[in-house]
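Participant:
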Amino acid sequence: MYFKNAITVVSFILLSAGSLVAQVDFNNYSTLLAKGKIPEDFTKLTYDKLKDDLKTGREELRRGQEKVFFEGTNYAIDEILHSGLVVYGDDISTFIGEIADKLLINDAQLRSKLRFYTIKSNSSNAFSTDQGIVFVTTGLIAQLTSEAQLAYVLAHEISHYTEKHVVATFDWKAKNSRQDSRIEKLSQYSKDKEFEADKIGIRMYNEAGYSEDEIFSTFDVLMYSYLPFDEIAFPQTHFNTNKIYVPKSLFPTKKYEITAVDDYDDENSSHPNIKKRKEAAEKEVGEFSTWGKKTEFLGATRFVTVRNIARFESVRTDILDANYGDAMYSIFLLEKDFPNSIYLKRMKAQIWMNLMLYKSENISNKAVDKTAELEGESATLHFFLKKLSKEALVTMSLRQIYDIHKAYPQDEEINAIFQKFVKDLNEYSKFKSEIYSKKTFSEAANDFMAMKNDSLKGAVKDTTIKSNSKYDRIKNKKNADIAENFDSTKFYLYGIADIISDQEFVDLNNKFKKISEDKEKEKIAYDALSKKEKKAFDKKEAQNVNRLGIKEFIVVEPMVYSYNKGKVDNVKSEKLEADFSEAIEDAANDAGVTTYNIDSRSLTTKGTQGFNERSILTALLNQIAQEDEVNIFPVDYQYLNLIKSNYGTSKVMFSLVEHEYAPNISFSGVFSSLLIYPVLFLYVPIGFLTGHESELSVLILDLEDGSIENGVNYYFKDSPKKLQLGAHMFDIFKKLSTEPKK
Amino acid sequence: MKSTIILFSLIAFCSATAIAQKDNGFFGKKGFLQVETLGNVPLFYTAVNLGNGYQADKSSTAPRLLAKNDNFNYGFRVSAGYAVKRNLAISFEFGQDFASVYPDPYSTVNWNFNSYFEVTHEMVDIKTTVIMPKLEFSTSNALSPMGLSHQIGLGVSFSNAIEKDYVYGITDNYFTSTTFYENYSDNKTYVDPINFQEIETVKKYVLMYALNMRTPITKNLMINYGVKYTLSVGGPRENNIYSNPETSANSRYTDELEYQISRSRSFSFINAFAGLTFVF
Numbered sequence: 048m049y050f051k052n053a054i055t056v057v058s059f060i061l062l063s064a065g066s067l068v069a070q071v072d073f074n075n076y077s078t079l080l081a082k083g084k085i086p087e088d089f090t091k092l093t094y095d096k097l098k099d100d101l102k103t104g105r106e107e108l109r110r111g112q113e114k115v116f117f118e119g120t121n122y123a124i125d126e127i128l129h130s131g132l133v134v135y136g137d138d139i140s141t142f143i144g145e146i147a148d149k150l151l152i153n154d155a156q157l158r159s160k161l162r163f164y165t166i167k168s169n170s171s172n173a174f175s176t177d178q179g180i181v182f183v184t185t186g187l188i189a190q191l192t193s194e195a196q197l198a199y200v201l202a203h204e205i206s207h208y209t210e211k212h213v214v215a216t217f218d219w220k221a222k223n224s225r226q227d228s229r230i231e232k233l234s235q236y237s238k239d240k241e242f243e244a245d246k247i248g249i250r251m252y253n254e255a256g257y258s259e260d261e262i263f264s265t266f267d268v269l270m271y272s273y274l275p276f277d278e279i280a281f282p283q284t285h286f287n288t289n290k291i292y293v294p295k296s297l298f299p300t301k302k303y304e305i306t307a308v309d310d311y312d313d314e315n316s317s318h319p320n321i322k323k324r325k326e327a328a329e330k331e332v333g334e335f336s337t338w339g340k341k342t343e344f345l346g347a348t349r350f351v352t353v354r355n356i357a358r359f360e361s362v363r364t365d366i367l368d369a370n371y372g373d374a375m376y377s378i379f380l381l382e383k384d385f386p387n388s389i390y391l392k393r394m395k396a397q398i399w400m401n402l403m404l405y406k407s408e409n410i411s412n413k414a415v416d417k418t419a420e421l422e423g424e425s426a427t428l429h430f431f432l433k434k435l436s437k438e439a440l441v442t443m444s445l446r447q448i449y450d451i452h453k454a455y456p457q458d459e460e461i462n463a464i465f466q467k468f469v470k471d472l473n474e475y476s477k478f479k480s481e482i483y484s485k486k487t488f489s490e491a492a493n494d495f496m497a498m499k500n501d502s503l504k505g506a507v508k509d510t511t512i513k514s515n516s517k518y519d520r521i522k523n524k525k526n527a528d529i530a531e532n533f534d535s536t537k538f539y540l541y542g543i544a545d546i547i548s549d550q551e552f553v554d555l556n557n558k559f560k561k562i563s564e565d566k567e568k569e570k571i572a573y574d575a576l577s578k579k580e581k582k583a584f585d586k587k588e589a590q591n592v593n594r595l596g597i598k599e600f601i602v603v604e605p606m607v608y609s610y611n612k613g614k615v616d617n618v619k620s621e622k623l624e625a626d627f628s629e630a631i632e633d634a635a636n637d638a639g640v641t642t643y644n645i646d647s648r649s650l651t652t653k654g655t656q657g658f659n660e661r662s663i664l665t666a667l668l669n670q671i672a673q674e675d676e677v678n679i680f681p682v683d684y685q686y687l688n689l690i691k692s693n694y695g696t697s698k699v700m701f702s703l704v705e706h707e708y709a710p711n712i713s714f715s716g717v718f719s720s721l722l723i724y725p726v727l728f729l730y731v732p733i734g735f736l737t738g739h740e741s742e743l744s745v746l747i748l749d750l751e752d753g754s755i756e757n758g759v760n761y762y763f764k765d766s767p768k769k770l771q772l773g774a775h776m777f778d779i780f781k782k783l784s785t786e787p788k789k
Numbered sequence: 069m070k071s072t073i074i075l076f077s078l079i080a081f082c083s084a085t086a087i088a089q090k091d092n093g094f095f096g097k098k099g100f101l102q103v104e105t106l107g108n109v110p111l112f113y114t115a116v117n118l119g120n121g122y123q124a125d126k127s128s129t130a131p132r133l134l135a136k137n138d139n140f141n142y143g144f145r146v147s148a149g150y151a152v153k154r155n156l157a158i159s160f161e162f163g164q165d166f167a168s169v170y171p172d173p174y175s176t177v178n179w180n181f182n183s184y185f186e187v188t189h190e191m192v193d194i195k196t197t198v199i200m201p202k203l204e205f206s207t208s209n210a211l212s213p214m215g216l217s218h219q220i221g222l223g224v225s226f227s228n229a230i231e232k233d234y235v236y237g238i239t240d241n242y243f244t245s246t247t248f249y250e251n252y253s254d255n256k257t258y259v260d261p262i263n264f265q266e267i268e269t270v271k272k273y274v275l276m277y278a279l280n281m282r283t284p285i286t287k288n289l290m291i292n293y294g295v296k297y298t299l300s301v302g303g304p305r306e307n308n309i310y311s312n313p314e315t316s317a318n319s320r321y322t323d324e325l326e327y328q329i330s331r332s333r334s335f336s337f338i339n340a341f342a343g344l345t346f347v348f
């Protein structure tokens with residue numbers, strides 16, 4: 048009896064633990080971060096990994112090929128691990144790991160060799176490496192409908208590892224580099240490996256006890272994974288409220304069909320088409336007499352929670368990649384289950400603001416799908432966003448952000464978005480509140496109809512307009528409040544009546560309008576200066592370039608690329624990167640500047656917190672890098688604020704060094720010089736001495752709003768050794784720490 | 069890689085005017101003192117004097133002249149400079165070069181015009197002092213004095229023949245059956261046909277261009293190396309005895325040597341150099 052009770056208690060605790068893991072507050076969601084102890088995959092230097100691999104060797108490869116293989120794989124994988132997109136120990140990775148436990152319950156040795164990490168990417172994919180790492184993207188998790196589907200994908204990837212497909216393919220490529228029709232043959236070779244991984248994967252999946260049906264549904268997931276994670280009609284009335292009316296004419300009149308087929312031409316593909324894979328899988332499934340019935344071992348709730356995390360992440364990823372149309376559709380889908388999620392509201396506000404910026408700079412086509420790519424239910428939203436005129440989109444953005452701000456007035460992030468939006472309204476869009484009507488669309492439409500009716504009835508017209516001058520009549524034509532000017536295509540003019548009369552908005556708008564006007568006046572005043580005066584002014588201004596008066600920086604590890612014959616020399620680059628990191632620290636000390644380093648080398652001591660900070664800062668850089676014409680709002684505003692308070696500074700330094708030594712000496716040059724004897728003595732030394740091409744770039748970002756605080760770019764014909772780079776960094780730190788002259 | 073390239077364009081976009089301001093030098097140091105040795109193989113000067121060169125073999129009691137060309141010239145330079153901007157520095161250079169010139173190997177007339185002599189003379193050592201203000205500039209974003217710089221200088225050089233006991237041979241007048249190298253001055257009463265007291269300093273103007281690479285090895289010290297191209301102009305011209313028959317043989321030898329010194333400088337237009345630069 049006691050024993051039975053004990054089992055019940057243990058089971059309860061285990062179940063509770065399981066559900067605790069799955070406890071995620073989606074209403075107050077924050078981006079997925081790594082958790083727990085940092086694995087060695089992330090802390091060990093690539094060069095050390097390479098050295099260890101070379102010591103062990105690979106019997107499948109010749110000695111010369113070993114180096115190429117290990118160098119290529121180690122550097123490529125480490126680039127992924129340190130891309131800022133990978134997380135470990137998080138809810139998704141843990142879930143994946145537990146499924147792997149189930150799949151490999153009878154092979155503890157193999158299980159101990161494998162590591163499972165999640166990649167925050169919206170492409171639906173999973174892949175394994177020769178080193179035993181299996182990556183799964185959030186994009187794939189978001190698309191799945193059961194735990195079993197994920198189990199099948201993992202079984203397939205684990206089979207690639209056990210069958211050593213990576214090294215085999217590398218060897219095939221090396222041995223067949225000069226084959227005729229190489230691509231087709233490589234494709235066939237790769238497809239054979241995929242069939243093999245499917246076959247072995249199915250056996251592993253079967254042994255774990257999962258249902259056979261989920262194998263075939265997994266192929267459906269793969270086929271349609273380029274579409275959003277759900278297909279729900281986007282209503283044409285979605286944006287309509289009692290404050291704004293969006294005409295149906297802005298939405299498509301037809302449905303955009305889904306075009307995916309399962310028997311596409313796979314002649315040059317690495318994978319067989321879905322039809323062939325399904326057929327092969329059917330045959331393989333038939334080989335087993337018994338099949339389990341389970342689609343979930345870890346619980347349906349756990350799976351749905353993990354999938355929701357992935358779906359929430361898909362919104363963030365789309366915003367990072369400036370796929371605003373896709374992100375907005377994902378929010379539309381998620382809000383059905385999480386209508387009160389403040390995270391989704393924040394993301395929505397960010398999307399509208401960024402769309403406004405993109406539209407203002409005439410680059411919005413980069414943020415929504417091209418017409419030719421419209422497909423499925425999300426096409427309605429993309430079509431709408433594309434069709435909106437600049438004025439309409441600016442107004443829609445204001446409407447949406449204002450409403451979110453009013454619904455969550457205490458939220459710091461939404462407040463920051465609102466402030467920046469109103470500032471950008473004036474800076475980018477030259478917002479003019481006077482063009483808008485003080486009536487809502489329905490009020491204006493009613494007035495217009497009343498006026499029409501009156502005119503039909505022969506009622507007395509408004510004589511006040513008639514009695515005005517020609518100029519008053521011209522002005523009146525632009526007045527949206529006058530009933531006869533009503534134009535339903537300009538719906539946006541009647542969409543912010545309440546906003547333009549809200550004193551909070553009016554005050555804020557006037558504040559930024561004045562700043563914008565003052566800047567304009569300064570520009571006009573500058574244009575009016577004489578050439579000499581302009582030169583003097585420019586000289587004075589130039590003195591303050593790079594002078595920020597900042598003595599504390601968060602320094603993210605530099606990116607270093609050393610090229611050899613146009614290709615990156617990874618080993619040299621890594622060594623140079625270590626030198627450069629030391630040089631930055633040293634130069635900062637000499638210049639009296641305090642730096643806080645966030646780099647992969649310090650992860651052993653800084654652990655997971657350092658790793659997460661680095662990932663978030665890398666994401667910020669990538670987000671800004673999407674488009675340099677606009678100053679977008681940082682998607683990880685909350686976490687960036689945390690970093691700022693942790694280090695006591697909001698200034699982050701990113702740096703990049705590129706170098707190549709390529710003496711400009713050619714055979715024909717030497718030959719020609721020999722003919723004109725003395726020229727050789729000019730040509731050769733100059734060619735060798737001027738062969739270095741180095742470029743150092745430093746970028747300072749402000750975590751407050753993700754803006755670019757400063758940028759320095761130095762090009763020099765010198766080798767980028769530690770002291771050379773240190774001297775340049777000293778100069779940069781000195782300038783950045785100098786107070787600007789008044 | 070993708071973000072790298074984007075970052076690159078971002079920075080280029082926002083740092084267009086980042087250069088026009090006060091610079092901080094190499095770790096705050098803008099002054100520098102450069103010491104270097106330089107050398108060259110006088111290929112061109114040797115080419116125009118091919119077969120005329122003799123060097124002394126003093127290993128035996130009776131010194132001998134051996135036919136041998138001048139294979140290597142050397143010198144040193146000291147320059148002090150200051151980095152005015154990150155890509156511009158000014159400096160002043162002082163230095164000395166050591167070389168050998170080929171005296172005229174024979175004469176169809178003796179210095180008294182009463183007999184016929186042939187003179188074979190060991191190459192004469194010369195010392196040249198160079199002083200030169202220089203301008204150093206480099207690619208717009210370099211950090212002077214570090215890195216690769218182009219140097220341009222305009223200065224003067226003063227060359228003198230170094231007086232010492234040279235070995236020379238004089239073959240007696242009307243008969244020349246004896247072996248050229250066997251009659252040496254130490255066995256005869258002849259005096260050195262070159263009167264060093266009469267040789268004047270050869271002054272030339274020097275236009276110099278150098279490619280100088282300075283690679284730091286500490287925060288105060290750099291190694292520097294590169295190539296130097298010089299164009300020396302001015303100096304004495306060749307004294308043509310036939311157009312000036314009254315000139316004595318001694319005088320002719322003196323003039324000839326001054327001309328050779330000048331010519332040696334003119335042909336010494338490529339030097340490789342290496343040294344140290346102290347930064348302060």
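Line by line, the protein sequences give chains Y and H. The first sequence begins at 48 in my numbering and counts up by one. The second sequence begins at 69 in my numbering and counts up by one. C-beta atoms are modelled at their ideal positions from N, C-alpha and C, and glycine is treated no differently. If you're wondering where the values come from, they're calculated on a predicted model, not measured in any experiment.
#1: Using 8 angstroms as the Cβ pair cut-off and three pairs as the minimum, do the region 162-169 of chain Y and the region 141-149 of chain Y touch?
#2: At the 7 angstroms Cβ level, is Phe658(Y) part of the contact set with chain H, yes or no?
#3: Would you kindly work out how many angstroms separate the C-alpha atoms of Pro313(H) and Thr322(H), rounded to a whole number?
#4: Quick one: grab the DSSP three-state call for Ser170(Y).
#5: Leu344(H) bridges to which residues according to DSSP?
#6: When DSSP labels each residue in this structure, what does Phe350(Y) get in the three-state scheme?
#7: Any beta-carbon of chain Y closer than 7 angstroms to the one on Asn209(H)?
#8: Just checking: is the beta-carbon of Leu222(H) within a distance shorter than 7 angstroms of some beta-carbon in chain Y?
#9: Under 7 angstroms, Cβ to Cβ, is there at least one residue of chain H near Leu132(Y)?
#10: Mind the definition here: the region 81-89 of chain Y touches the region 400-411 of chain Y only if three or more C-beta pairs lie below 8 angstroms; say whether that holds.
#11: Assign Gly734(Y) to one of three DSSP states: helix, strand, or coil.
#12: Tell me the residue span of the beta strand (DSSP E) that contains Ile220(H).
#13: Output the boundary residues of the beta strand (DSSP E) element that contains Arg145(H).
#14: Quick one: complete alpha helix (DSSP H) runs, 4+ long, within the region 294-367 of chain Y?
#15: Indicate the three-state DSSP secondary structure (helix, strand or coil) for His203(Y) in the structure shown.
#16: Got a sec: is the Cβ-Cβ distance from Asn92(H) to anything in chain Y below 7 angstroms?
#17: Have a look at the DSSP bridge pairing and note the partners of Leu279(H).
#18: What's the gap between the Cα of Asn141(H) and the Cα of Gly734(Y)?
#19: On the three-pair Cβ rule with 8 angstroms, is the region 234-241 of chain Y touching the region 378-386 of chain Y?
#20: So, for Thr257(H): in the same chain, excluding its five sequence neighbours on each side, which residues have a beta-carbon less than 6 angstroms away from its beta-carbon?
#21: Is Ser128(H) helix, strand or coil when you go by DSSP?
#22: Could you give the DSSP three-state label for Gly302(H): helix, strand or coil?
#23: Would you mind giving the Cβ-Cβ distance between Lys44(H) and Gln164(H), rounded to the nearest angstrom? I have them listed as a contact below 8 angstroms.
#24: Can you tell me where the alpha helix (DSSP H) holding Gly716(Y) begins and where it ends?
#25: Quick one: using the 10 Å Cβ neighbour count with 16 as the cut-off for buried, is Pro95(Y) buried or exposed?
#26: Could you tell me which residues DSSP puts in a beta bridge with Arg162(Y)?
#27: Kindly say whether Val301(H), judged by its beta-carbon, lies nearer than 7 angstroms to any beta-carbon of chain Y.
#28: Answer with yes or no whether the minimum CB distance from Pro767(Y) to chain H is below 7 angstroms.
Facilitator: Reading it off the structure:
#1: yes
#2: no
#3: For Pro313(H), the pLDDT reaches just 46, beneath the cut-off of 50, and the residue's location in the model is therefore unreliable, although a value from the coordinates is still provided. The straight-line gap from Cα to Cα measures roughly 15 angstroms.
#4: coil
#5: Val103(H), Ile291(H)
#6: helix
#7: yes
#8: no
#9: no
#10: no
#11: helix
#12: 215-229
#13: 141-153
#14: 321-332, 347-367
#15: helix
#16: yes
#17: His218(H), Val295(H)
#18: 24 angstroms
#19: no
#20: Because the pLDDT of Thr257(H) is 49, which lies under 50, any placement of that residue in the model is unreliable, and the number read from its coordinates should be weighed accordingly. Counting only Cβ-Cβ distances below 6 angstroms, and skipping sequence neighbours, we find nothing.
#21: coil
#22: coil
#23: Not covered by the structure: residue 44(H). The range shown for chain H is 69 to 348.
#24: 714-722
#25: Residue identity differs from the one stated: residue 95(Y) is Asp in this sequence, not Pro. Classification for Asp95(Y): exposed.
#26: Ile180(Y)
#27: no
#28: no
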